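Residues in the sequence shown are numbered from 5 upward in steps of one, following the working numbering. Written below as structure tokens is the structure these notes are about.
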Amino acid sequence: MPARFTKLDNAIKAGLKNMAAKAAVDQIEYWEEQLKDVGVSGSKGILADLHSLKTKLQADEVDGDAVKKLLADLGSKTAKVAGRVDDKSVSEHLEKVGKGLEEAA
5 MPARFTKLDN AIKAGLKNMA AKAAVDQIEY WEEQLKDVGV SGSKGILADL HSLKTKLQAD
65 EVDGDAVKKL LADLGSKTAK VAGRVDDKSV SEHLEKVGKG LEEAA
């Protein structure tokens with residue numbers, strides 16, 4: 005399994021609700037960096053949602069409902085993008101991540 009998935013996998017398994025905001029922002033920034041040059045259709049929408057999620061998590065008062073909606077949207081978009089990725093192991097893992105995000109919402 006690629007190392008880039010380890011932190012996110014662990015966070016999903018432990019429950020995203022238990023993840024500290026700073027750790028979540030660090031993970032979001034990592035994924036923004038990973039996605040910035042990806043040309044797969046749908047990746048720009050994921051980047052926009054990640055930026056929005058980061059902004060919401062850094063707010064003085066976190067809007068839990070907005071965060072849940074973004075997690076559901078990110079999960080759905082990630083699962084869709086998974087089908088467009090050529091590397092089968094990455095595609096399967098993105099599908100799993102997408103489901104995990106949707107369940108966390």
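The beta-carbon is built from N, C-alpha and C at its ideal position, and this holds for glycine as well. Please read all numbers here as calculations on a predicted model, not as lab measurements.
Have a look at Ala15, Gly87 and Gly102 and flag the residue whose alpha-carbon is nearest the alpha-carbon of Leu77.
On the sequence shown, position 73 is the one that residue 77 refers to. Strictly speaking, residue 77 in this sequence is Asp, with Leu absent from that position. Checking every option, the nearest Cα to that of Asp77 belongs to Gly102.
Just reading off the alpha helix (DSSP H) that Ala27 is part of, what are its end residues?
In the sequence shown, the residue the question calls residue 27 occupies position 23. Ala27 -> alpha helix (DSSP H) spans Ala25 to Leu39.
Would you check if there are 3 or more beta carbon pairs closer than 8 Å linking the stretch 36-47 to the stretch 74-92?
yes
Extent of the continuous alpha helix (DSSP H) run through Lys92
What you label residue 92 is simply residue 88 of the sequence shown in a count that begins at 1. Start and end: Lys92 to Ala108.
Flag this pair as touching only if the stretch 31-40 and the stretch 50-69 have three or more C-beta atom pairs under 8 Å; answer yes or no.
yes
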